[in-house]
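Below: the structure, in structure tokens.
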């Protein structure tokens, strides 16, 4: 499930002539040789990404080195109170164009450097914050904004431009600041509980990070036991869009085991690595989002990627979960002993095998929920759901819950969601926070039918058919609950499954109570099951009549049953003159009928003659046969009787 080295590159190990730096903005490992004069190389974890290689002048030892997002500038700190901005020139043998910027306050010392945009950088000093902008045309640097503050350390989150400043006696008072549009936007200060004790007096920078989980922003911190100062749990404080809202403790991830030495966040999963046990605990807050206290969903062991050994040239690797590992959020592992810079990747489909081998820990419902939360877990989730339906493992309420989960996400989806980079999760116009919104995996009706319902319908057992019918009905109800249009094929499939399961009486009730939506194909399907359950024929007829646009089809049904007069009456109320093809069928059926029906047809045709188009030849042939069948006296007598009948009806109407 967790694999190390799917994406991996090697780098030069540290030596007296070479130093290694990690650039968190670009997720790049940088090797500096001879203070830059002998070369600077920057590698990203993906082997196919280009390697940056340049040389700068040796002006002293380098303490901090960071590239801008577009790799156009390189921030280099050599002195306590100044930073050099190098204009990267990959075509030149050496990049000599540097702009030096000293702190505005002469007594300040630089504690950190962060790139805010491609041409804006932030100096975090002992006396506050200084935001600068590079004027490319003028080859100069302009001061945009300053903020006086006293902080012990800071943590920056590039994706949200959120800076956390720590202050206070125990360094546990955190001040969130959003840097946006050349301004500092203060959010509400808050204090966190990290388990202060005599052995653990201060909150450390390496124990705090900013994470995005399911489109929500959290400050993640480790909490320590006051008894033995070991890590007891991981606390998540949510930063709300409202700038005046106080960040609150939302989740506490209980470990229950000692030896924690690193935390990753992959695909909105919090993964805690345990060095002593050589295991990783996986937490998913979306499965029970209302519960504050969370426990590990699954315990897994990280495995090396097959290609990892080939990357190292056959040299032995350090053991997994090595003491020498340096872990960075969200998923980076640096092994300085082996010279490996790698990423931990998640394979959710492998969780299925892991769960099946662990008896009694995770229910099928939880497994499905877990897979449906993963960006790459849809295929595995649909496969498991199909097996669960075939084996009848899920209760009706669990099926309803799963379908509501799928359709709720589908109903909330809009075409704008196709461009997540343009969206933010905040709905508060006052909020300076801009957080990339979370995109849930979507399962359409077509996908559910082709991967779950249709394969399950191929089972022959009656009990399986009955269970499948209940599952289909639960899915249709869920679609209707969330206001989603129902695929007509889904209704047809439900009817076929219920008939195969012998639930024709229940099907008749569902049709009568309109639980199943009307459609012409469905009506004809019901008509075809007359032999199985005669009331379904009438249900199909009623469905055709309710449609209001099925005059031809309704007449065809009545003709097939031999009810020619009833077909005439129906067409008389359904704009018969617009349907010459059906009229032809009636005329062609007339020779098979008796004399009274011939006369009724004749009267009807005479009444409707003015509107007939395209029936001349058929009407002439019918008239000729009619005259041969009846004598003139009989026709005259019939016309008088018809006239008297019409007159009596008019009197009654008056």
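Residue numbers (the UniProt record's numbering): 1 to 654. Note that beta-carbon positions come from the ideal geometry of N, C-alpha and C, so glycine has one too.
Original post:
Does the distance from the CB of residue 83 to the CB of residue 74 come in under 8 Å?
Top reply: No, these two residues do not count as a Cβ contact at 8 Å.
**OP:** Would you give the residue range spanned by the alpha helix (DSSP H) that residue 469 belongs to?
**Re:** Run containing residue 469: 462-481, per the alpha helix (DSSP H) assignment.
Original post:
Secondary structure at residue 1, three-state DSSP: helix, strand or coil?
Top reply: Of the three classes helix, strand and coil, the one that applies to residue 1 here is coil, per DSSP.
Original post:
In whole angstroms, what separates the C-alpha of residue 224 from that of residue 238?
Top reply: Taken atom to atom, the span from the alpha-carbon of residue 224 to that of residue 238 is near 20 Å.
Subject >> DSSP state of residue 278 mapped onto helix, strand, coil >> reply: Three-state DSSP puts residue 278 in coil, outside helix and strand.
Original post:
Could you give the C-beta distance for residue 154 and residue 162, rounded to a whole number, given that I count them as a contact under 8 Å?
Top reply: Going by Cβ atoms, the distance from residue 154 to residue 162 rounds to 11 Å, so no, they are not a contact pair.
Original post:
So residue 518 packs on residue 546, CB below 8 Å; how close in whole Å?
Top reply: Confirmed, about 6 Å.
**OP:** Give me the Cβ distance between residue 311 and residue 264, rounded to the nearest whole Å; I'm assuming they're in contact under 8 Å.
**Re:** Your pair residue 311 and residue 264 does not check out as a contact, with CB atoms roughly 20 Å apart and the cut at 8 Å.
Subject >> Cβ-Cβ distance between residue 449 and residue 490 below 8 Å >> reply: For residue 449 and residue 490, yes; Cβs fall inside 8 Å.
Original post:
In or out: residue 632 buried (at least 16 other Cβ within 10 Å) or exposed?
Top reply: An exposed status is given to residue 632, since fewer than 16 other beta-carbon atoms sit within 10 Å of its beta-carbon.
Original post:
Within this structure, are the beta carbons of residue 294 and residue 257 separated by less than 8 Å?
Top reply: Taking 8 Å as the Cβ cut-off, residue 294 and residue 257 do not qualify as a contacting pair.
Subject >> Nearest-angstrom Cα separation, counted from residue 36 out to residue 16 >> reply: Looking at the two C-alpha atoms, the distance is approximately 13 Å.
Original post:
Going by C-alpha distance, which of 108, 201, 125, 54 is nearest residue 86?
Top reply: The shortest Cα separation from residue 86 among 108, 201, 125, 54 belongs to 54.
**OP:** Determine, using beta-carbon pairs with one atom in the region 531-539 and one in the region 498-509, whether at least three such pairs fall under 8 Å.
**Re:** Enough Cβ pairs lie closer than 8 Å, so yes.
Original post:
Is the Cβ-Cβ distance between residue 33 and residue 44 less than 8 Å?
Top reply: For residue 33 and residue 44, no; Cβs fall outside 8 Å.
Subject >> At least three beta-carbon pairs within less than 8 Å, the region 402-412 to the region 473-488 >> reply: Of all C-beta pairs linking the region 402-412 to the region 473-488, three or more are shorter than 8 Å, placing the two stretches in contact.
Original post:
So which of 434, 300, 77, 625 has the shortest CA-CA distance to residue 271?
Top reply: For the options 434, 300, 77, 625, the alpha carbon positioned closest to that of residue 271 is the one of 300.
Original post:
Can you tell me whether residue 151 is buried or exposed, with buried defined as 16 or more other CB within 10 angstroms of its CB?
Top reply: Buried, since its Cβ has 16 or more Cβ neighbours within 10 Å.
**OP:** Look at the Cβ atom of residue 352, then the Cβ atom of residue 456, and state whether they are nearer than 8 Å.
**Re:** No, the Cβ-Cβ distance between residue 352 and residue 456 is not below 8 Å.
Subject >> Contact between the region 109-124 and the region 92-99 (3+ Cβ pairs under 8 Å) >> reply: No: the two stretches stay apart, fewer than three of their Cβ pairs being nearer than 8 Å.
Subject >> For residue 451, three-class secondary structure by DSSP >> reply: Reduced to three states, the DSSP call for residue 451 is helix.
**OP:** State yes or no: is the C-beta of residue 182 within less than 8 Å of the C-beta of residue 131?
**Re:** Yes; because the gap between Cβ atoms is below 8 Å, this pair is in contact.
**OP:** Pull up the CB-CB distance for residue 141 and residue 64, whole angstroms please, since I reckon it's below 8 Å.
**Re:** Contact between residue 141 and residue 64 does not hold, since their C-beta atoms are separated by about 17 Å, which reaches or exceeds 8 Å.
Subject >> Straight-line Cα distance separating residue 628 from residue 637 >> reply: Straight-line Cα distance between these residues: approximately 16 Å.
Subject >> Nearest to residue 277 (by Cα), restricted to the options 321, 563, 227, 58 >> reply: Among 321, 563, 227, 58, the Cα nearest to that of residue 277 belongs to 321.
**OP:** Starting from the Cα of residue 343, find the closest Cα among 355, 350, 325 and give me that residue.
**Re:** Ranking the options by Cα distance to residue 343, first place goes to 325.
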